[in-house]
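Residue numbers (this note's numbering): 3 to 317. Structure record follows, encoded as structure tokens.
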Amino acid sequence: MRWLRVMSLVLAGAVVAGGCAAPSESSAAAPSKAARVVSVDKVSDRIRDVVIDSPSVGKARVRLLLPIGFEADSHRRWPVLYLLHGADDPDTYKCWTRSTDVAALTAGLPLLVVMPEGGTKGYYSDWFNEGHGGPPAWETFHLLELLQVLERDWRASDHRAVAGLSMGGLGAMLYAAHSPHLFRAAVSFSGVLDTLRTSDWQFPPELWGNRTQQAKIWRQHNPTDRAADLRGISLFVSYGNGNPGPLDATGTSTSAVGGQIERRLAPGNAAFVRRLGELGIPAEIDAYGPGIHNWPYWQRELHRALPGIMRALQT
Numbered sequence: 003m004r005w006l007r008v009m010s011l012v013l014a015g016a017v018v019a020g021g022c023a024a025p026s027e028s029s030a031a032a033p034s035k036a037a038r039v040v041s042v043d044k045v046s047d048r049i050r051d052v053v054i055d056s057p058s059v060g061k062a063r064v065r066l067l068l069p070i071g072f073e074a075d076s077h078r079r080w081p082v083l084y085l086l087h088g089a090d091d092p093d094t095y096k097c098w099t100r101s102t103d104v105a106a107l108t109a110g111l112p113l114l115v116v117m118p119e120g121g122t123k124g125y126y127s128d129w130f131n132e133g134h135g136g137p138p139a140w141e142t143f144h145l146l147e148l149l150q151v152l153e154r155d156w157r158a159s160d161h162r163a164v165a166g167l168s169m170g171g172l173g174a175m176l177y178a179a180h181s182p183h184l185f186r187a188a189v190s191f192s193g194v195l196d197t198l199r200t201s202d203w204q205f206p207p208e209l210w211g212n213r214t215q216q217a218k219i220w221r222q223h224n225p226t227d228r229a230a231d232l233r234g235i236s237l238f239v240s241y242g243n244g245n246p247g248p249l250d251a252t253g254t255s256t257s258a259v260g261g262q263i264e265r266r267l268a269p270g271n272a273a274f275v276r277r278l279g280e281l282g283i284p285a286e287i288d289a290y291g292p293g294i295h296n297w298p299y300w301q302r303e304l305h306r307a308l309p310g311i312m313r314a315l316q317t
């Protein structure tokens, strides 16, 4: 699989996932001009691909999955689900519709699904850049610029949830922790949920700075350290143990790249879940055991998480 071949770079020291810095916590200055919609492409009856000229990240693409009846009801506002992609996926904003049945799954729901580009290694962060800030500032784009576009042009309501896989799972939990007023639910599928357990992964210094010298910034981007900020948000966390499971191809090796990645992520997920328990913060946990780092599991987990997401959005 092309995606798993790319992800094998992780085992050579590349990063599979990253986090985010809240606009209020980032060293990046506020954008000096507003984001501008460049184009809107009608891909299908429900899918629109939007290109935005962003002061924070440059040209960025967003795939929207519209609810049925969106165009017929021109005054209705719709709850929003952000779906965040993982690292090293060349299709970024297209990958959820490429690799899952999210379109069919949400066809009957009053839900605007937003799948934004976050860079193949953008880490859902406003980058530190040696203290200078500046681009890329993915969190500012997603939670300030894109949010304004969604509310202005696509009738998004203020009922929002965020979910993501791998790098996107980290982004989902940190977006919710940094801006809890924005989200009613946060969901992670095989996410990097304890960044301080990933010392053998080479996060670039431009991201959050030196681990020692900018230790405070690193802790601000560690979901386990930020768990207390998730109180009151509906949470769902799922992950496997990296051993071949029921959704893997027959003959999948225990040494498969996807298995190695999931095994490395499992302890951080477990640490995050323990921290939630210590804080008395409720969460739905699916530590499903056998399963590698791959799309069939994330599709299944989206099915499992969606009822809770919808309950949170409708309250």
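Just so it is clear, CB atoms sit at the ideal spot from N, CA and C, and this is done for glycine as well. All of these numbers come straight from a predicted model, not from anything done at the bench.
Q | Spatially closest choice to Gly211 from Gly133, Asn296, Ser190 and Ala285, by CA coordinates | A | Gly133
Quick one: is Gly124 buried, meaning 16 or more other Cβ sit within 10 Å of its Cβ, or exposed?
buried
**Report entry** alpha helix (DSSP H) runs wholly inside the region 193-266, at least 4 long, in chain order
**Finding:** 207-210 and 217-222
- Query: What alpha helix (DSSP H) runs, 4 residues minimum, are completely inside the region 71-101?
  - Reply: 97-101
According to DSSP, is Ile311 part of a helix, a strand, or is it coil? helix
Residue range of the alpha helix (DSSP H) that Leu152 falls in? Leu148 to Asp155
- Message: With DSSP as the reference, identify every bridge partner of Pro118, one or two as the case may be.
- Response: Val64
Under 7 angstroms Cβ to Cβ from Thr256, same chain only, skipping five residues before and after it: list those, please. Asn245 and Pro246
To the nearest angstrom, how far is it from the Cα of Ser26 to the Cα of Arg302?
-> Interpretation of Ser26 is limited by its pLDDT of 41, a score under 50 that renders its predicted location unreliable; the figure taken from the coordinates is listed afterwards. Taking the straight line joining both Cα atoms gives about 35 angstroms.
ask   = Is Arg186 buried or exposed, if buried means 16 or more other CB atoms sit within 10 Å of its CB?
value = buried
Q.
Just to confirm the assignment, what range does the beta strand (DSSP E) spanning Gly173 have?
A. Run containing Gly173: none in the beta strand (DSSP E); it sits in the alpha helix (DSSP H), Met169 to His180.
Between Ala37, Leu281, Ile294 and Gly171, which has its C-alpha nearest Gly253's C-alpha?
Ile294
Indicate whether Arg63 and Val53 have their beta-carbon atoms separated by less than 7 angstroms.
yes
query: Does DSSP put Tyr290 in a helix, in a strand, or in coil?
result: strand
Which stretch, first to last residue, makes up the alpha helix (DSSP H) that contains Val189?
Here Val189 belongs to no alpha helix (DSSP H); instead the beta strand (DSSP E) covers Ala187 to Phe191.
Contact the region 74-90 vs the region 283-291: 3+ CB pairs below 8 angstroms:
no
Between the CA atoms of Ala158 and Phe143 - distance to the nearest angstrom:
16 angstroms
For my contact list, Thr102 and Gly120 are in at a C-beta cut-off of 8 angstroms; report their separation, rounded to the angstrom. Rounded, the Cβ-Cβ distance is 17 angstroms, inconsistent with contact.
I'd like to know if the region 208-225 and the region 257-266 are in contact, where contact means that at least 3 CB-CB pairs between them fall below 8 angstroms. no
Inset, instruction - Give the straight-line distance between the Cα atoms of Gln316 and Val82, rounded to the nearest whole angstrom. - result: 11 angstroms
| Would Trp5 be called buried (16 or more neighbouring beta carbons within 10 Å of its own) or exposed? | Confidence is the limiting factor: at Trp5 the pLDDT is only 39, short of 50, which leaves the residue's position unreliable and the question unanswerable from this model.
Self-check item: CB contact flag (Ala188, Met169, <7 angstroms)
Solution: no
>> Just verifying my parser: in three-state terms, what is the DSSP assignment at Ala158?
In response: strand
TODO: Measure the C-alpha to C-alpha separation of Ala229 and Pro182 and round it to an integer number of angstroms.
DONE: 11 angstroms
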